[in-house]
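To keep things clear, I will list the structure first and then write my remarks on it.
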Amino acid sequence: MEETKLKQAKLLTKCIIDSIDGFEFRWELFFKLWFRENGNPLFFLFKKNLSVTNTQYVELFSLLTKHSTSKYEVGKEPKLFFYSTEYIKITFSEVITSLLEDYNPNDTTKILFFSKHYIDIFSSSVVVDMFFGSCAVFLPNGIKTNLKKIVFDSGYIHSAGHSVFIRNINKAKKNDFLNSIDYYLETNLSTKEIPFVIYSHEDFSDYDKDSADLISRGIEQCKIFVEKMSLGSYRLSTIINEMQNSEEYKGRLLFPNPGNFIEQHLFHKEKTLWLISDRSISGGQIKNPGQNRYYICYEQSFVNDSPFFFFDENKPAWKSHTTLPHSLTAALLNTSRQFLGDGRICDPFGGVGTTWFEVKRMQLKNRVHCSDLSAATKILVSDNLYFFTMSVNELTQLVKDLQLCYPTKSLAGQYKFNFNTSNITLDPYTHAFSLIDRLRKEQKDEDQEFELSESFVSELLNLPLLTRFVFYIGLRAQLRFQGGYKRNSIKFEGAFEKSLDKIISQIEMFIKLKQEVEPFIKSTNSLSENSYIKFISKYSFSLTPVIIFKNMKALQEEIELEIFANTDARKLEKASNDLIICDPPYGFNTNEDNSKLSDLYSEFIDKAIASLRPKGQIIMCLPAESYTGRELPYCTRIDLITRQIIYSAHKQGRLAYKPALSFPLGSLSPPYYWESERALRRTILHFCIF
Ligand SMILES: C[S@@+](CC[C@H](N)C(=O)[O-])C[C@H]1O[C@@H](n2cnc3c(N)ncnc32)[C@H](O)[C@@H]1O
């Protein structure tokens with residue numbers, strides 16, 4: 165046996181022996197020794213909980229494998245297998261208990277023999293405790309993880325760090341909680357004062373309205389009513405008061421004053437201890453929370469601060485509501501990465517470039533090819549790129565310009581005289597309005613997505629960028645408020661103003677982020693190494709993508725090589741791709757003919773499978789249910805498409821498999837789900853094709 169492996173087997177032997185009380189094996193003790201003290205206990209808080217999607221867990225397990233290394237087998241990606249606490253407790257306890265039948269404390273050779281044989285199993289078994297909106301992960305001894313990369317690459321991780329204390333609220337006790345904090349402080353190497361913050365309704369809920377969309381069905385549900393809660397017979401607020409006044413915590417923990425978090429939390433710190441609460445997952449329907457509530461205290465070391473998520477499915481350059489959210493797209497890409505290597509990624513229904521932006525955000529080395537039938541794809545991706553790489557000054561000017569575009573308040577309807585060209589020009593709003601009006605007249609039946617012809621796109625290309633942005637906002641107002649127009653509850657001007665309000669507030673958030681990061685950028689040369697910039701924000705290090713500070717020109721060249729407009733998805737080249745990730749048209753969002761759509765789906769599936777190289781993957785987002793009453797076209801039905809994929813693979817002498825990942829719960833295997841509150845539920849297929 166190799167020296168390093170033997171060392172680890174000896175450590176396992178010690179952990180087992182130290183967990184024997186009399187002749188009985190104590191699981192809790194073993195767990196503490198092997199996973200907490202000699203392993204790595206981590207906690208991940210998700211942006212969205214299981215009522216939205218289950219992809220956050222799948223991507224987390226994939227990223228943990230991707231970004232971990234083994235201390236004992238240098239250079240190898242470790243094999244990790246994820247089990248629930250209950251499962252692993254039963255397996256390990258039963259096995260070890262059977263070892264102890266004729267246990268002799270003076271002769272431990274039998275345990276060492278066992279450890280040597282099974283060290284690979286113990287050192288690859290990861291324990292996970294899944295909660296409704298978060299997850300505790302206990303990595304075994306020997307696994308080193310690049311937590312920064314996991315947090316940054318992810319679509320759904322809000323923040324992560326060391327796990328300090330997790331207890332069922334009904335069973336939590338004051339001493340137990342304080343002991344966990346003490347142990348954390350003893351083992352924490354930093355000498356700096358760490359804020360201890362309770363994510364409470366009292367201090368946050370009235371003041372975080374700006375981020376309501378971002379936190380709803382996510383971290384919002386992890387807030388605590390601090391003034392009402394207790395640990396056993398002690399009020400939580402009394403315990404916190406005692407901690408605040410105790411000499412023991414002076415200079416080590418910082419307790420902010422109660423009240424508005426914006427006013428009270430004026431620090432900038434490398435880490436923060438948070439006390440939050442989460443629910444168990446349900447034994448039945450995974451989309452509903454379970455009965456049990458937990459106190460969770462964790463150290464936030466890194467927070468994911470990607471501006472793409474502020475906009476999610478509403479990037480400024482926009483053409484229809486079928487855009488995929490950035491969070492979901494990132495999660496799906498990450499899920500595929502375990503098997504992808506440096507393979508080629510293709511999104512043949514690329515739309516406004518969500519997949520492309522996510523590949524660039526993570527700076528994946530994979531080649532990428534995104535295409536779309538729409539003539540507008542390239543200009544949309546390009547305008548979005550321009551927007552995300554604008555400087556603070558340019559963005560501030562953009563907000564000022566947009567503020568002049570409110571039709572009922574501003575200069576709208578006025579003409580401008582351009583002295584250079586001696587032209588009279590329309591103001592952006594009037595110009596955008598006239599373009600939308602033309603689309604309305606040309607495509608009378610269309611209330612879901614206008615086709616932007618090549619000549620229309622050429623016209624767009626010749627407009628000033630501001631007018632194009634205003635056109636996209638107008639398009640959003642036109643398509644998003646269809647029901648309101650038909651009911652006469654809103655007029656176009658009102659809908660436009662709402663859309664404008666929304667985008668201005670999003671841009672303002674983006675400006676704030678850019679302003680916060682800028683001082684940490686020493687030079688643009690220093691930007692090339694990592695995919696993220698790490699900077700100290702209020703509660704911890706924040707990770708924000710380098711791409712938003714990069715030179716637009718270099719990236720524009722990549723658009724020329726990687727984004728293709730006017731391209732039918734059925735034109736995929738044979739054996740050219742390793743991942744096809746796509747979101748085809750659903751039919752209920754456009755007034756397409758169903759028979760045409762079913763031709764598209766059947767032909768596309770054959771072509772997609774032929775275009776995948778061996779061990780390639782296909783990830784396909786499909787509609788599962790429309791909450792608006794719109795009927796789903798039969799050809800988009802998941803059971804039918806699953807069969808089509810399997811059949812098509814067989815026909816081509818290939819085999820389609822679900823990717824074999826180890827999940828602590830069957831309901832995390834594909835197909836995955838994602839659902840919006842109001843419009844639809846998506847099902848997502850994921851197959852490997854051999
Ligand atoms: C559901 S959207 C995908 C949106 C994309 N994921 C995004 O985030 O922007 C479907 C896209 O498929 C495109 N499309 C429709 N028919 C197509 C075809 N035959 N070939 C390629 N693209 C097509 C539409 O123009 C639309 O952009």
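Numbered as in the working numbering, the sequence shown ends at 854 without a single skipped number.
Virtual Cβ for every residue (Gly too), placed ideally from N, Cα, C.
If you draw a straight line from the alpha carbon of residue i to that of residue j, how long is it in whole angstroms?
i      : j      : result
Leu639 : Ser484 : 8 Å
Ser364 : Ile184 : 41 Å
Ile345 : Ile723 : 50 Å
Lys174 : Phe256 : 17 Å
Ser397 : Arg501 : 48 Å
Leu445 : Tyr282 : Residue identity differs from the one stated: residue 445 is Ile in this sequence, not Leu. In a straight line, the C-alpha of Ile445 is about 31 Å away from that of Tyr282.
Val621 : Ile543 : 8 Å
Leu496 : Trp838 : 11 Å
Trp191 : Lys253 : 7 Å
Arg526 : Thr518 : Note on identity: in this sequence residue 526 is Met, with Arg being the wrong assignment. In a straight line, the C-alpha of Met526 is about 12 Å away from that of Thr518.
Pro592 : Asp374 : 27 Å
His533 : Leu504 : 15 Å
Gly113 : Pro359 : Because residue 113 is not part of the residues shown, which for the chain are 165 to 854, the question remains open.
Phe187 : Gln220 : 42 Å
Arg200 : Ser279 : 19 Å
Ser663 : Leu630 : 15 Å
Pro471 : Thr708 : 8 Å
Lys212 : Gly297 : 6 Å
Asp763 : Ser790 : 22 Å
Asn330 : Asp271 : It should be pointed out that residue 330 corresponds to Ile in this sequence rather than to Asn. Straight-line Cα distance between these residues: approximately 36 Å.
Arg842 : Asn305 : 45 Å
Have a look at the DSSP bridge pairing and note the partners of residue i.
i      : result
Thr709 : The sequence shown places Pro at residue 709, not Thr. Beta-bridge pairing links Pro709 to Tyr696.
Met294 : Cys299
Val361 : Trp438
Glu188 : Asp185
Leu418 : Pro359
Ser790 : Leu844
Gly382 : Lys212
Cys510 : His533, Ile744
The beta strand (DSSP E) that contains residue i, what's its start and end?
i      : result
Phe466 : 466–468
Tyr247 : 245–248
Ser234 : 232–234
Go ahead and pull the three-state DSSP assignment for residue i.
i      : result
Phe210 : strand
Tyr462 : strand
Gly517 : coil
Met716 : helix
Gly306 : coil
Cys785 : strand
Gly319 : coil
Trp838 : strand
Cys746 : strand
Phe851 : strand
Val523 : helix
Thr572 : coil
Ile330 : strand
Arg777 : strand
Ser394 : strand
Phe597 : helix
Thr273 : helix
Pro683 : helix
Ala481 : coil
Pro205 : strand
Asn498 : helix
Evaluate residue i with the Cβ neighbour count: other Cβ atoms within 10 Å of its Cβ, from every protein chain shown; 16 or more gives buried, anything less gives exposed.
i      : result
Phe389 : exposed
Gly319 : buried
Val238 : exposed
Val259 : exposed
Ala718 : exposed
Phe277 : exposed
Ala739 : exposed
Ile180 : buried
Pro269 : exposed
Asn478 : buried
Phe368 : buried
Asp442 : buried
Which residue marks the beginning of the alpha helix (DSSP H) containing residue i, and which one marks its end?
i      : result
Met407 : 400–409
Thr486 : Looking at the DSSP string, Thr486 is not in any alpha helix (DSSP H), and its letter there is neither H nor E.
Asp803 : 802–815
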